[in-house]
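Participant: Quick one: structure below, then a few questions.
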Amino acid sequence: MSLITTLARLEAVDSGRAQPAATVRHRQLSDRPLVFVPLTTAGETGAPLGALVGTDRDAPRLLVVPQPRDRDLRFTFLAELADVVLPHIDAHAQSVEQTERTETDPATGKRVKVAAELCADAPQLIVPSRPGLDLVRLLGRSMRFRRTAEQDPDAPHPAPPRVPLLGRWLTHYGERARVPGSSLLLALTDVLSRHWATGQSGLEDQHLGALLAWIDPPRGLTGAEAARRAELARDADGQLLCPPAGPATDPAFDNKLLAPAIERYDRARTALAAAEDPLEADGRLAALTRAEREVRDLVESRARPTWDAVWRGLDLLRTLPAGAHVEERWTRDRWSFTAHRDRVLAGEPPQPRRDDAVTAANKLATREREQARLEAQEALDDPLEMAGRRLAGEAFAGEVTGVETAYSEGKRPSPRPLVTVRTEDRPHLAERTRVYRSLGGKPQSAEFVGEEAEGVLVLRILDRMGRGKEPEPGSVPEKGDRVCFTLFEHEQRGGAKLPDPEETPWTHGGPPGEPAPEAPDPVTEEDVL
Amino acid sequence: MTTVDFDPGAEAARATDAILDDTLHGGRRGVVVDSPPGAGKSTLVVRAALELADAGRPLMVVAQTNAQVDDLVLRLAEKNPDLPVGRLHSSDADAYDKALDALPQVRTAAKAAELTGLPVVLSTAAKWAHVKTDEPWRHAIVDEAYQMRSDSLLAVAGLFERALFVGDPGQLDPFSIVGSEQWAGLSYDPSASAVSTLLAHNPDLPQHRLPVSWRLPASAAPLVSRAFYPYTPFRSGTSHGDRRLAFAVASDGSGPDRVIDEAAESGWGLLELPARHTPRTDPEAVRAVAAVVRRLLDRGGATLSERAPDPAPLTADRIAVGTAHRDQAAAVRAALAGLGVPDVTVDTANRLQGREYDVTVVLHPLSGRPDATAFHLETGRLCVLASRHRHACIVVCRAGVTDLLDDYPSTEPVQLGTLVKFPDGWEANHAVLAHLAEHRVSWRP
Chain A
0 MSLITTLARL
10 EAVDSGRAQP
20 AATVRHRQLS
30 DRPLVFVPLT
40 TAGETGAPLG
50 ALVGTDRDAP
60 RLLVVPQPRD
70 RDLRFTFLAE
80 LADVVLPHID
90 AHAQSVEQTE
100 RTETDPATGK
110 RVKVAAELCA
120 DAPQLIVPSR
130 PGLDLVRLLG
140 RSMRFRRTAE
150 QDPDAPHPAP
160 PRVPLLGRWL
170 THYGERARVP
180 GSSLLLALTD
190 VLSRHWATGQ
200 SGLEDQHLGA
210 LLAWIDPPRG
220 LTGAEAARRA
230 ELARDADGQL
240 LCPPAGPATD
250 PAFDNKLLAP
260 AIERYDRART
270 ALAAAEDPLE
280 ADGRLAALTR
290 AEREVRDLVE
300 SRARPTWDAV
310 WRGLDLLRTL
320 PAGAHVEERW
330 TRDRWSFTAH
340 RDRVLAGEPP
350 QPRRDDAVTA
360 ANKLATRERE
370 QARLEAQEAL
380 DDPLEMAGRR
390 LAGEAFAGEV
400 TGVETAYSEG
410 KRPSPRPLVT
420 VRTEDRPHLA
430 ERTRVYRSLG
440 GKPQSAEFVG
450 EEAEGVLVLR
460 ILDRMGRGKE
470 PEPGSVPEKG
480 DRVCFTLFEH
490 EQRGGAKLPD
500 PEETPWTHGG
510 PPGEPAPEAP
520 DPVTEEDVL
Chain B
0 MTTVDFDPGA
10 EAARATDAIL
20 DDTLHGGRRG
30 VVVDSPPGAG
40 KSTLVVRAAL
50 ELADAGRPLM
60 VVAQTNAQVD
70 DLVLRLAEKN
80 PDLPVGRLHS
90 SDADAYDKAL
100 DALPQVRTAA
110 KAAELTGLPV
120 VLSTAAKWAH
130 VKTDEPWRHA
140 IVDEAYQMRS
150 DSLLAVAGLF
160 ERALFVGDPG
170 QLDPFSIVGS
180 EQWAGLSYDP
190 SASAVSTLLA
200 HNPDLPQHRL
210 PVSWRLPASA
220 APLVSRAFYP
230 YTPFRSGTSH
240 GDRRLAFAVA
250 SDGSGPDRVI
260 DEAAESGWGL
270 LELPARHTPR
280 TDPEAVRAVA
290 AVVRRLLDRG
300 GATLSERAPD
310 PAPLTADRIA
320 VGTAHRDQAA
330 AVRAALAGLG
340 VPDVTVDTAN
350 RLQGREYDVT
360 VVLHPLSGRP
370 DATAFHLETG
380 RLCVLASRHR
390 HACIVVCRAG
400 VTDLLDDYPS
410 TEPVQLGTLV
420 KFPDGWEANH
430 AVLAHLAEHR
440 VSWRP
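As given, the protein sequences belong to chains A and B, one line each in that order.
Under numbering that gives the first Met the number 0, the first residue of the first sequence carries the number 0, and numbering increases by one thereafter.
Under numbering that gives the first Met the number 0, the first residue of the second sequence carries the number 0, and numbering increases by one thereafter.
As structure tokens, this is what we get:
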């Protein structure tokens with residue numbers, strides 16, 4: 000935890016309210032995000048119990064698995080989920096704009112511009128918390144290798160059509176969420192705690208109710224009191240007033256309400272199956288519907304508060320203006336969305352279970368580059384973030400107290416003016432350390448020459464002054480200007496190109512061989528309870 | 000094992016011969032050499048490079064940092080001034096040490112094509128990754144291979160046919176600034192070390208190790224070997240009488256002086272400050288570190304070693320301060336500047352890797368902390384900090400770290416398929432602290 004975060008958290012404790020950790024919003028928020036509030040059943044990893052899903056805060060679609068261990072009911076749930084999610088994705092996939100993309104020409108090896116389609120917007124998916132992200136990945140993993148009856152007529156438990164496709168999309172979203180700064184799939188608790196510092200630990204911040212209680216406590220309560228109430232307060236029946244954001248549910252709810260309701264449903268179903276004549280069956284069907292209704296109401300009663308909390312959290316985030324670089328990062332999300340759309344359209348197989356060596360290395364390189372880029376962009380977009388970097392000695396701001404014309408040595412001397420900056424920050428500078436400032440959105444670099452007196456730094460400006468003998472107007476700071484230099488670079492260099500997978504070297508096991516279509520997971524006894 | 004029969008020179012020579020034999024005449028594509036701190040790794044790399052060049056095999060050398068590459072070039076040039084050497088460098092300003100320009104046999108270039116035909120070409124892994132070649136090098140030497148990441152080996156492995164991998168398994172593992180749990184357990188986990196990937200795919204490659212540390216004194220080698228290399232023990236190349244550290248000025252009885260005397264006598268000293276939870280840049284601990292350095296210089300230290308018959312003065316450039324974090328290093332530098340001490344190296348463990356000093360002063364990574372995170376527990380960090388010295392190591396630490404260790408046993412999730420590293424940081428920290436406790440000087444500043 001950086002010093003400024005610690006300070007903000009202490010202030011939050013002191014004032015009883017979360018403190019701003021950002022002055023701008025650092026993530027994209029779509030106008031019509033698809034919110035997904037899933038719940039799972041205890042006892043089996045990732046077994047869905049139900050979900051609220053949709054783009055309209057007043058009319059979520061409720062999906063429920065009345066008996067979570069029943070595979071057929073689970074498939075029905077997944078098929079219904081696909082019916083909500085896929086049309087939303089398709090709508091975005093069809094609206095494209097024409098743009099250009101740089102590619103390496105295989106013939107010449109040169110970088111050339113080619114015309115490309117880019118989806119005009121990408122559908123954004125919001126889940127309440129980080130375990131929700133994990134569930135999205137898990138659902139994706141469990142669905143994408145399934146075969147439909149059409150793909151494989153002999154499959155013993157064919158998946159409904161579109162379920163494997165939903166699995167591929169959820170996998171893509173789950174994977175993209177690992178890229179720093181990406182906004183395609185967001186966990187709301189992560190985004191909120193990025194923008195506000197509460198007086199509780201990072202672990203406690205993952206409780207959406209408690210987090211919102213700190214950020215926006217009800218009248219008359221401090222954040223700590225409201226958070227405590229959100230975490231612990233129960234009604235007369237022993238049920239939490241603020242159900243956890245899931246996907247796991249509260250054990251008291253599972254034991255006292257859910258388990259009996261599911262059992263009643265099971266009994267009604269058995270009774271219906273045993274019905275001997277149509278009249279009896281009619282009555283028992285009504286009983287079954289009632290039992291199912293009961294489970295549905297229970298699931299909705301636990302998911303709805305979270306659903307409303309998610310939208311409240313989104314409202315809070317919308318009060319912040321978007322950071323200057325958010326759009327640029329979102330464009331990369333759109334590229335990622337478009338690329339996956341193209342892979343699906345091209346009939347490529349689902350994402351493999353494991354990355355090969357080259358893919359893994361490429362992903363890691365991308366994420367490291369994005370992480371560095373995100374940190375730099377957030378600091379440039381947000382003075383509060385920059386203050387944290389200044390406090391950590393990674394940047395400094397101050398006033399220019401003098402500029403001295405100087406030139407580089409060599410045949411064609413170029414301007415290398417010396418700029419004196421007075422600052423109260425204490426950057427970790429050594430001689431010739433490179434520092435950067437933003438000049439018209441582009442980084443201008445300088446090197447540290449020395450410290451004239453305490454807090455008086457001399458810098459030599461190195462670039463972005465034009466080609467002439469005299470620096471271009473406005474390219475060199477003037478006396479009295481406020482400037483802010485960073486010790487970190489603003490832009491990231493692309494890494495070296497890795498070999499193609501079929502040229503994986505001997506140190507990494509050699510080429511992986513022809514990619515064989517991955518078989519679906521074998522059906523085990525547990526799958527047919 | 001008895002000390003009487005142990006001839007460190009002969010042992011080391013035997014190991015080196017076996018390594019060179021496997022490298023030059025072995026049938027395998029790779030040879031791996033584990034080297035404990037100060038075991039003559041660079042000497043081995045230089046010797047292997049010269050012999051490969053002599054054998055007429057075009058050689059590329061991959062090191063991890065520009066400083067390491069420059070150092071190897073200078074050593075090669077010193078050993079064989081007639082051997083033409085290529086230094087491939089980046090196109091940045093100050094990409095290489097300007098001292099290389101003074102050497103006529105060294106050609107520097109930012110493009111690999113300008114160095115074709117030279118018997119030996121050296122560069123960093125990052126630069127090599129950009130090189131394209133139709134005809135791979137016959138041989139490569141990969142230096143500091145345990146600090147190289149698997150993905151960085153992936154980028155360069157296509158450039159050579161066979162390679163000698165040299166490194167120290169006890170030092171800091173490579174790291175990544177983003178999570179990589181997704182690939183944990185895969186043989187080619189891109190964030191793992193190059194050697195672990197190499198050996199996972201080629202388990203039958205010959206593996207050697209250098210058995211003698213020439214740097215660490217007889218007082219330090221047993222502890223470092225036991226704490227950090229429990230299954231691959233090594234010995235000190237010198238014995239207890241060979242190195243001496245003495246001071247002209249007598250102790251003034253203060254904590255820093257007492258710990259200096261303890262360290263001069265036994266090779267280790269622990270200056271223990273009262274237990275307290277502090278910010279990372281604990282002002283008292285930082286001042287204590289600076290005070291120890293100041294007194295080391297003020298008291299006119301002299302070191303006697305096997306290298307020279309006469310004692311050498313303990314000067315500022317022979318002392319280093321090691322910390323865990325950069326801000327701690329910056330705070331110590333500021334405190335030293337305040338005491339009028341320039342020229343003492345103050346750096347983090349990451350940057351001290353591969354360096355050697357007479358005396359080191361270490362701010363213990365867990366000093367004053369309320370918790371023991373994986374970063375602060377990392378075995379390699381403590382190993383680097385405790386193995387940079389030829390004479391003595393003084394650790395400055397708040398009391399209570401043993402309790403902290405007991406309160407926070409390792410809780411990292413177990414990843415299936417990954418090699419569990421022994422010893423873990425918890426165990427290694429306990430071993431070092433138990434030893435340091437015998438050389439403790441408590442001090443309330």
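Cβ coordinates follow ideal geometry from the N, Cα and C atoms, glycine included.
Would tyrosine 187 (chain B) be called buried (16 or more neighbouring beta carbons within 10 Å of its own) or exposed?
Facilitator: By the neighbour-count criterion, in which 16 or more other beta carbons inside 10 Å mark a residue as buried, tyrosine 187 (chain B) falls on the buried side.
Participant: Taking the alpha carbon of glutamate 43 (chain A) as the reference point, which residue from A:Arg73, A:Asp296, A:Asp381 has its own alpha carbon closest?
Facilitator: With respect to the C-alpha of glutamate 43 (chain A), the residue from A:Arg73, A:Asp296, A:Asp381 having the closest C-alpha is A:Arg73.
Participant: Quick test of your reading: phenylalanine 164 (chain B) and methionine 59 (chain B), contact by CB under 8 Å. State the CB separation rounded to the nearest angstrom.
Facilitator: Contact flag wrong, Cβ pair sits at about 13 Å.
Participant: Does the Cβ of glutamate 430 (chain A) have 16 or more other Cβ atoms within 10 Å, making it buried, or fewer, making it exposed?
Facilitator: exposed
Participant: Under 8 Å, CB to CB, which of the residues in the region 457-473 of chain A have a partner in chain B?
Facilitator: Contacts with chain B (Cβ-Cβ distance below 8 Å) from the region 457-473 of chain A involve no residue at all.
Participant: Under three-state DSSP, which class holds arginine 387 (chain B)?
Facilitator: Three-state result, arginine 387 (chain B): coil.
Participant: DSSP state of histidine 324 (chain B), grouped into three classes?
Facilitator: coil
Participant: Determine which residues of the region 497-517 of chain A have a Cβ less than 7 Å from any Cβ of chain B, and write them out in chain order.
Facilitator: Leu497, Pro498, Glu502, Pro504, Trp505, Thr506, His507, Gly508
Participant: Go to histidine 207 (chain B), then tell me how far its beta strand (DSSP E) extends in each direction, as first and last residue.
Facilitator: 206-208
Participant: How would you list, in chain order, the residues of chain A whose beta-carbon sits under 7 Å from the beta-carbon of proline 189 (chain B)?
Facilitator: Ala359, Ala360, Leu363, listed in chain order.
Participant: Given a limit of 8 Å on CB to CB distance, which residues of the region 391-402 of chain A reach chain B?
Facilitator: Ala391, Gly392
Participant: Got a sec: is the Cβ-Cβ distance from arginine 73 (chain A) to anything in chain B below 7 Å?
Facilitator: no
Participant: Just verifying my parser: in three-state terms, what is the DSSP assignment at glutamine 18 (chain A)?
Facilitator: strand
Participant: Helix, strand or coil for aspartate 33 (chain B), going by three-state DSSP, please let me know.
Facilitator: strand
Participant: Are the Cβ atoms of alanine 183 (chain B) and threonine 378 (chain B) separated by less than 7 Å?
Facilitator: no
Participant: Please go through the same chain and pick out, in chain order, the residues whose beta-carbon is closer than 7 Å to the beta-carbon of cysteine 544 (chain A), but skip the five residues on each side of it.
Facilitator: Examination of residue 544 (chain A) is not possible in this model, given that chain A is present from 0 through 528 alone.
Participant: Given this structure, state the Cα-to-Cα distance separating leucine 23 (chain B) from alanine 139 (chain B), to the nearest angstrom.
Facilitator: Alanine 139 (chain B) has its alpha-carbon roughly 12 Å from the corresponding atom of leucine 23 (chain B).
Participant: Determine the chain B residues that contact alanine 495 (chain A) at a beta-carbon separation under 7 Å, and present them in chain order.
Facilitator: Ala128, His129, Ala154
Participant: In the DSSP assignment, find the unbroken beta strand (DSSP E) run with threonine 302 (chain B) in it and report its ends.
Facilitator: 300-303
Participant: Does aspartate 150 (chain B) get closer than 7 Å to chain A when you measure Cβ to Cβ?
Facilitator: yes
Participant: Among A:Val84, A:Thr5, A:Leu438, A:Phe76, whose alpha-carbon lies nearest the alpha-carbon of arginine 31 (chain A)?
Facilitator: A:Val84
Participant: Could you tell me which residues DSSP pairs with isoleucine 140 (chain B) in its beta bridges?
Facilitator: B:Val60, B:Leu163
Participant: Indicate the three-state DSSP secondary structure (helix, strand or coil) for lysine 109 (chain A) in the structure shown.
Facilitator: coil
Participant: According to DSSP, simplified to helix, strand and coil, what is valine 357 (chain A)?
Facilitator: helix
Participant: Name the residue from A:Glu374, A:Arg136, A:Thr358 whose alpha carbon lies nearest to the alpha carbon of histidine 324 (chain A).
Facilitator: A:Glu374
Participant: Please tell me whether threonine 506 (chain A) and alanine 62 (chain B) are closer than 7 Å, where the distance is taken between their beta carbons.
Facilitator: no
Participant: Using a C-beta to C-beta distance shorter than 9 Å, which residues of chain A count as neighbours of threonine 196 (chain B)?
Facilitator: Ala356, Thr506, His507, Gly508
Participant: Considering only residues of the same chain and omitting the five flanking positions on each side of serine 250 (chain B), which have a CB-CB separation below 7 Å?
Facilitator: Counting only Cβ-Cβ distances below 7 Å, and skipping sequence neighbours, we find Asp256, Arg257, Asp260.
Participant: Go through its chain and collect everything with a Cβ distance to serine 238 (chain B)'s Cβ below 7 Å, but skip five positions before and after it.
Facilitator: Ala217
Participant: Given a limit of 7 Å on CB to CB distance, which residues of the region 20-31 of chain A reach chain B?
Facilitator: The region 20-31 of chain A vs chain B, Cβ under 7 Å: nothing.
Participant: Can the beta-carbon of glycine 268 (chain B) be found less than 7 Å from the beta-carbon of alanine 262 (chain B)?
Facilitator: Yes, the pair counts as a contact, with Cβ atoms nearer than the cut-off.
Participant: For proline 168 (chain B), collect the residues of the same chain with a Cβ closer than 6 Å to its Cβ; drop the 5 residues on either side in sequence, then sort them by chain order.
Facilitator: Scanning its chain for C-beta atoms nearer than 6 Å, with the 5 sequence neighbours on each side dropped, one finds around proline 168 (chain B) the residues Asp33, Tyr145, in chain order.
Participant: Let me check understanding here. Comparing Cα to Cα, which of A:Asp253, A:Ala212, A:Pro243 lies closest to alanine 41 (chain A)?
Facilitator: Sorting A:Asp253, A:Ala212, A:Pro243 by C-alpha distance to the C-alpha of alanine 41 (chain A) places A:Asp253 at the top.
Participant: Output yes if chain B places a C-beta closer than 7 Å to the C-beta of glutamate 367 (chain A); else output no.
Facilitator: yes
Participant: At 4 residues or longer, what runs of the alpha helix (DSSP H) sit wholly inside the region 133-175 of chain A?
Facilitator: 162-175
Participant: So does the region 227-245 of chain B actually touch the region 398-405 of chain B, counting three or more Cβ pairs closer than 8 Å?
Facilitator: no
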